[in-house]
Amino acid sequence: MFIEGVSKYALNISSKESKVTINLRSEFYPDPYLAITAINITPSNQGKGSIVLEWFKTFAKEKGFERLVLQEVITEEGYHFALKNGFSKRVGPFEEIFRKPDSTDGNYELHL
1 MFIEGVSKYA LNISSKESKV TINLRSEFYP DPYLAITAIN ITPSNQGKGS
51 IVLEWFKTFA KEKGFERLVL QEVITEEGYH FALKNGFSKR VGPFEEIFRK
101 PDSTDGNYEL HL
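Note that full-length UniProt numbering has the sequence shown beginning at 1, numbered continuously upward.
Right under this line is the structure:
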């Protein structure tokens with residue numbers, strides 16, 4: 001259940017073949033968004049992440065979120081996953097000051 005303000009959640013799903021771990025954070029003010037703060041899917045590179053992401057897109061829209069954010073993408077795999085699924089890099093004051101202009105690290109967002 002989402003409540004006003006900031007909420008945090010962890011989701012762990014396991015089977016004999018695979019494991020999914022996702023950490024979420026939601027904010028409702030000033031503009032509502034759902035952030036995926038960590039995602040780990042084992043085994044990777046089999047399309048399961050895209051399936052999970054499609055579910056979260058639908059869920060976020062139904063709950064009234066305006067954006068879906070992949071928070072602190074730090075790997076090449078995460079960067080390519082974000083771009084493949086329509087996310088764009090969000091450059092804020094921190095990134096402008098402390099990160100190299102061509103860095104792929106950072107937050108990626110998708111407007112719903």
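In this text, a Cβ means the ideal position worked out from N, Cα and C, and glycines have one as well.
TODO: Note down the Cα distance separating Y33 from L68, rounded to an integer number of angstroms.
DONE: Residue numbering aside, residue 33 sits at position 33 when the sequence shown is read from its first letter. Residue numbering aside, residue 68 sits at position 68 when the sequence shown is read from its first letter. Spanning the alpha carbons of Y33 and L68 requires a straight line of approximately 6 Å.
Task: Nearest-angstrom beta carbon gap, I51 and I39 [assumed within contact, 8 Å] - done: The residue you call residue 39 lines up with position 39 of the sequence shown. The residue you call residue 51 lines up with position 51 of the sequence shown. That belief does not hold up - the Cβ atoms of I39 and I51 are roughly 12 Å apart, past 8 Å.
Task: Close-in-space but distant-in-sequence residues of the same chain around M1 (CB under 6 Å, 5 per side omitted) - done: By one-based count along the sequence shown, residue 1 stands at place 1. Confidence in M1 is poor, its pLDDT being 46 and thus under 50, which makes the residue's placement unreliable; the coordinate value appears in the next sentence. Counting only Cβ-Cβ distances below 6 Å, and skipping sequence neighbours, we find nothing.
Task: Neighbourhood of L11 by C-beta distance below 6 Å, restricted to the same chain and skipping five residues each side - done: Looking up residue 11 in the sequence shown gives position 11. Correct list, in chain order: I22.
- [ ] Would you list the residues sitting across from S14 in a DSSP beta bridge?
- [x] Translated into the one-based positions of the sequence shown, residue 14 becomes position 14. For S14, which the question treats as bridged, DSSP gives the partners K19.
TODO: Kindly indicate the opening and closing residues of the alpha helix (DSSP H) around I51.
DONE: Counting from one through the sequence shown, the residue named residue 51 turns up at place 51. Per DSSP, I51 belongs to the alpha helix (DSSP H) from 48-62.
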